[in-house]
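If you want my numbering, it's the position in the sequence shown, counting the first as 1, plus 5.
We put the beta carbon where it would ideally sit given N, CA and C, even for glycine.
Notes to accompany the following structure.
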Amino acid sequence: MSLPVLLRCPLLPEIQHQLETDYDVHRIFDMSDPKLETIAGDIKALVTGGHLGAPADVIERLPNLKMVAINGVGYDKVDLELAKARGIRVSNTPDVLTDDVADLAIGLTLALTRKIAAGDQFVRSGSWLNGNLGLGRKFSTLRFGIFGLGRIGKAIAKRLGGFDVDIAYCDVAEQSNVDFPFYQSVASLAADVDVLIIAAAASSSTTRIVDETVLSALGSDGLLVNVARGSIVDEPALVQAISTGAIAGAALDVFAAEPVVPTELIASDRVVLTPHIASGTVDTRVAMGNLMLTNLNAFASGQELITPVV
Ligand code: 8YV
């Protein structure tokens, strides 16, 4: 009999088909679905998204769970302590989505500084017939700060290199093989740059670290870009900073309580918004799905996980 797997989120049809061919898949996206109670005791593996993870309340409802295969790189929504305590293995999908996330960070920054999204609205709404769109900011003279110089942060820096801009970074420690100036605190980095790009992993030490102090340091000409996790930003402080002009604008792919986005951000013409699509290309979702499946197959056949988290 094939391994009983709980699938928590939609996958690409071909990945889901492969999963359903190889495993006994129970597709339950809504954890309050009463069907969950009838199969909970059978479930050995959980397939979930980076944005959903496996919080304590989900793990606790699955007494025989032994594996969490995340179709995503982020594991901030998985209760790792509980997983470790219960001997549950966890895998994620690093590397395969790095390029896409970095591309979106650049795209969002260009959309914000060069008013691409606002310009699109301007043309569609007919406003162009009555005047011109205001001017944007020159991208290639901006100073960039990257918070989190891991795989994704480095890929963003590599792309920024093509624009010949100044780059600095903040991370838990200075990296020996990196020439960019290092800042120990996000606030001190924010104070010295025009654009602060968040590419850090979400964890208890980065929760709401981009707060009122950091936003004030970024200043009234400063721009915030977030392709990491909404939890890293103090969202009410960001709303306030946008509303009062304490920062000039923001480009955001992630939010504190997705898919709910604060109405003040939606209403602001100084904000560019995308619905958590940084890894959302067909090629990358295929690669993520295949890596997730490879990890699940490794678990099912008693082999080492390919990209283990725990
Ligand atoms: C996806 C993500 O939205 O990888 C992550 O951590 O948040 C995103 O790539 C998600 O995991 C897709 O399931």
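Check your understanding: How is the beta strand (DSSP E) around Thr-53 delimited, first residue to last?
Key -> 50-54
**Study point:** Sufficient close CB pairs (3 or more, under 8 Å) joining the segment 168-181 to the segment 129-136
**Key:** no
Point to revise | Three-way DSSP call (helix, strand, coil) for Ser-284 in this model | key: coil
Exercise for review: Measure how close the beta-carbons of Val-10 and Asp-29 come, nearest whole angstrom, since I'm counting them as under 8 Å.
Suggested key: 7 Å
Exercise for review: Name the one or two DSSP bridge partners that Asn-231 has.
Suggested key: Ile-203, Leu-257
Exercise for review: Classify Val-287 as buried or exposed, calling it buried when 16 or more other Cβ atoms lie within 10 Å of its own Cβ.
Suggested key: exposed
Check your understanding: Among Glu-240, Ala-233, Ser-190, which has the Cα closest to the Cα of Ile-161?
Key -> Ala-233
Check your understanding: For the putative contact between Arg-213 and Ile-247, defined by C-beta atoms under 8 Å, what is the C-beta separation to the nearest angstrom?
Key -> With 8 Å as the limit, Arg-213 and Ile-247 do not qualify as a contact, their Cβ atoms being about 16 Å apart.
**Study point:** Rounded straight-line distance, which links the Cα of Gly-307 to that of Val-266
**Key:** 42 Å
Point to revise | Three-state class that DSSP yields for Asn-137 in the structure shown | key: coil
**Study point:** The alpha helix (DSSP H) enclosing Gly-112, as first and last residue numbers
**Key:** 103-118
Review point. If you drop the 5 nearest sequence neighbours on each side, which residues of the same chain put their C-beta closer than 7 Å to that of Leu-138?
Key: Lys-120, Ala-123, Gly-124, Phe-127
Point to revise | Own chain partners of Ala-305 with C-beta closer than 7 Å, once the 5 adjacent residues on each side are dropped | key: Leu-8
Review point. So Val-101 packs on Ala-292, CB below 8 Å; how close in whole Å?
Key: 4 Å
Review point. Where do the N-terminal and C-terminal ends of the alpha helix (DSSP H) with Val-191 fall, by residue?
Key: 191-196
Check your understanding: alpha helix (DSSP H) containing Asp-62: first to last residue?
Key -> 61-65
Practice item. State yes or no: is the C-beta of Asn-231 nearer than 7 Å to some heavy atom of ligand 1? Key: no
Check your understanding: Between which two residues does the beta strand (DSSP E) harbouring Asp-35 extend?
Key -> No beta strand (DSSP E) contains Asp-35, which DSSP labels as neither H nor E.
Exercise for review: Would you identify the three-state DSSP class for Asp-100, choosing helix, strand or coil?
Suggested key: coil
**Study point:** Inter-stretch contact at 8 Å, needing at least 3 Cβ pairs: the segment 203-213 / the segment 147-166
**Key:** yes
Exercise for review: Could you check the C-alpha separation between Ala-192 and Ala-256 for me, to the nearest Å?
Suggested key: 19 Å
Practice item. Starting from Ala-74, trace the beta strand (DSSP E) both ways and give me its first and last residue. Key: 72-76
Review point. For the segment 137-151 against the segment 91-107, are there 3 or more C-beta pairs whose distance is under 8 Å?
Key: no
Point to revise | Length-filtered (3 minimum) beta strand (DSSP E) runs lying within the segment 128-183 | key: 148-152, 171-175
Check your understanding: From Gly-356 to Lys-49, what distance separates their C-alpha atoms?
Key -> Because the chain here runs from 6 to 315, residue 356 falls outside it and cannot be looked at.
Check your understanding: If you compare alpha carbons, which of Lys-89, Arg-290, Ala-303, Ser-190 is closest to Pro-18?
Key -> Arg-290
**Study point:** Contact set for Ser-225: own chain, Cβ-Cβ below 8 Å, skip 5 residues either direction
**Key:** Gly-250, Ala-251, Ile-252, Ala-253
Review point. By DSSP, does Arg-94 sit in helix, in strand, or in coil?
Key: strand
Review point. His-31 and Leu-57: beta carbons closer than 8 Å?
Key: no
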